[in-house]
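Numbering of the sequence shown is given in the working numbering, commencing with residue 1 and proceeding in unit increments. The next block holds one structure in the form of structure tokens; read it before the comments.
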Amino acid sequence: MFWDRATETMKRPALEALQLQRLQATVRRVAQKVPLYQQRFAEYGLKPRHIKSLADVAKLPFTTSADLRAAYPHGMLAVTHDHLLRLHTSSGTTGKPKALFFSRHDVDNAAELMARCLVMSGVTGKDVLQNMMTYGLFTGALVMHYGAEKVGCLVIPAGPGNSERQLLLMQDFRTTAIHATPSYALYFADFLEKHGVNPRKDLALRKAFVGAEPYTEETRRKIEQGLGIDVYNSYGMSEMNGPGIAFECEHKHGMHLWEDNFLIEIIDPQTGEPLPDGQPGELVLTTLCREAMPLLRFRTRDITSVITGRCPCGRTHRRLNRITGRSDDMLIVRGVNIYPQQIERVLMSLPQVGSNYLIQLEGLDEMIVKVELAKAGFDGQVEHLVHLQSAIADRLRTEILVKPKVELVPPGTLPISEGKAKRVIDHRTL
């Protein structure tokens, strides 16, 4: 199924020619309009005429989150205020927020890309989509909402949390698809089980679109088993458009990134040097169609790789592997580099483990992993609990090369976040 077959299946030479045309136009615009890029171009001795091929993107300066915060509130605009239609901001949890502006063209285009994504995964105008993401300054809910409406879905803007209400809406309006964070989808599966609801028999659910948090394939499988539905990986970030940058098709073998809108690079996060397709590194994106706030070589900090070869669906836009973590989320414990997703991969593969966990770093360099048991994870035998605790610690040591302390806690003990899950608490006194 295609939303825009001609664009989605464009031959690679034509697609790359379109990318170059749009890249050159973007470079000319930012050189004329955006003070940050005017300053950087002067420092680099760079002129728009120097961009003669797609490979010349490497001549352009990187843009970082720090740049966006430094330019807050209006310093990255390439249009005047009367062309602005919407403002989103980042959460600002690391200090000053990022102001992210959209023109009418940008809002419409974000919805168009989202429509491509939904149709690619099998959504039609007959579907009922229950949007369980946070509405507001976060882009995720609104872009999904507009894209689903463009496809013709009935959209229920439920927002996050309040599981009793979520269930009532699903039952009354026969929801067929949901949009949620993976952590809340796991929690909701547990909620249904505790309330005696069999989603396969009692609900009309058939698809879930999860994002906003890095998560593992094991977590995806756990959601699919718990809700009895297909779960699709999605990728988005507010700096680009929100959700809809890349999405899985029905083959679920990597996320197609819409290359007519974004130029992909994978770089070594330490050196900034480009890496070949297939090798994991940091994803760098350049917007090709953003009107209000175009960005050159934005360092996403997300770790992924480009999948080589053609997808059976026939789309020619290259695919990304799932995001395995963020370069700035990496933990260093006892001199070892660890990504939280490595821990999640181990935990979510165990049937005795529930849907929630927490990583605490204490003292000089001690790691404590608190793990909720599954509802049927404890048979009343203390020795079995001790054995499971030891087995989890050993499996984690094999994966991350550090043996943490494992604490098993009853189901529902650890806090649940309605937004992005907070998986790591660092109280170290280093």
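The C-beta atom is built at its ideal place from N, Cα and C for all residues, glycine as well. Every value quoted in this text rests on a predicted model; they were computed, and no experiment measured them.
Item	Value
Does the beta-carbon of residue 242 have 16 or more other beta-carbons within 10 angstroms, so that it is buried, or is it exposed?	buried
Does residue 263 come out as helix, strand or coil in the three-state DSSP assignment?	strand
Roughly how many angstroms separate the alpha carbons of residue 352 and residue 41, rounded to a whole number?	56 Å
What three-state label does DSSP hand residue 48 in the structure shown?	helix
Output the boundary residues of the alpha helix (DSSP H) element that contains residue 428.	Looking at the DSSP string, residue 428 is not in any alpha helix (DSSP H), and its letter there is neither H nor E.
How is residue 237 classed by DSSP in three states: helix, strand or coil?	strand
Starting from the Cα of residue 12, find the closest Cα among 317, 181, 81, 156 and give me that residue.	317
Apart from the five residues on each side of it in sequence, which residues of its chain come closer than 6 Å, Cβ to Cβ, to residue 203?	170
Mapping DSSP to helix, strand and coil, what is residue 405?	strand
Using the Cα positions of residue 62 and residue 383, report the straight-line distance between them to the nearest angstrom.	55 Å
Suppose contacts are defined by Cβ-Cβ distances below 9 Å. Is residue 325 in contact with residue 305 by that definition?	no
Quick check on the DSSP output: the alpha helix (DSSP H) that includes residue 270 runs from which residue to which?	Per DSSP, residue 270 belongs to no alpha helix (DSSP H) and is neither H nor E.
Just verifying my parser: in three-state terms, what is the DSSP assignment at residue 277?	coil
Return the chain-ordered list of same chain residues with a C-beta closer than 8 Å to the C-beta of residue 262, the five sequence neighbours on each side being excluded.	240, 245, 285, 286, 287, 288
Please say whether residue 148 and residue 293 have beta carbons closer to each other than 9 Å?	no
Checking the sheet assignment: what are the DSSP bridge partners for residue 255?	248, 320
Within the continuous beta strand (DSSP E) that includes residue 488, where are the two ends?	Because the chain is modelled from 1 through 430, residue 488 falls outside the range shown and cannot be assessed.
Secondary structure at residue 178, three-state DSSP: helix, strand or coil?	strand
Please report the straight-line C-alpha distance between residue 403 and residue 345, rounded to a whole angstrom.	16 Å
Quick one: any contact between the stretch 249–268 and the stretch 103–122, if contact means 3 or more CB pairs under 8 Å?	yes
Since residue 150 contacts residue 193 with CB under 8 Å, what's their CB separation in whole angstroms?	At roughly 35 Å, the Cβ-Cβ gap does not stay under 8 Å, so residue 150 and residue 193 are not in contact.
Tell me the rounded alpha-carbon separation between residue 28 and residue 280.	31 Å
Quick one: complete alpha helix (DSSP H) runs, 4+ long, within the stretch 55–111?	65–70
If I follow the unbroken beta strand (DSSP E) through residue 360, where does it start and stop?	353–362
Exposed or buried, which one is residue 92 when buried takes at least 16 other CB atoms within 10 Å?	Summary for residue 92: the model assigns pLDDT 46, below 50, so the residue's position carries little reliability; its value from the coordinates is reported in the next sentence. Exposed, by the Cβ-count rule.
With a threshold of 6 Å on Cβ separation, who are the neighbours of residue 190 within its own chain once the five nearest residues in sequence on each side are excluded?	355
For residue 150, would you say it is in contact with chain D, using Cβ-to-Cβ distances shorter than 9 Å as the test?	Structure shown: chain D not included; a single protein chain is present.
Output the distance between the C-alpha atoms of residue 37 and residue 349, rounded to the nearest integer angstrom.	46 Å
How many whole angstroms separate the CB atoms of residue 182 and residue 215, which I take to be in contact at a CB cut-off of 8 Å?	4 Å
Candidates 32, 127, 98: which alpha carbon is nearest residue 80's?	32
Could you please give the first and the last residue of the uninterrupted beta strand (DSSP E) stretch that includes residue 372?	366–373
Does the structure place the stretch 149–167 close enough to the stretch 268–277 that three or more beta carbon pairs sit under 8 Å?	no
Can you look up residue 215 in the DSSP assignment and give me helix, strand or coil?	coil
By how many angstroms is the C-alpha of residue 414 removed from the C-alpha of residue 376?	17 Å
Tell me which residues share the same chain as residue 69 and place their Cβ nearer than 8 Å to its Cβ, disregarding the 5 neighbours each side in the sequence.	95, 96, 97, 98
One question on the structure: do residue 319 and residue 387 come within less than 9 Å of each other, judged by their Cβ atoms?	no
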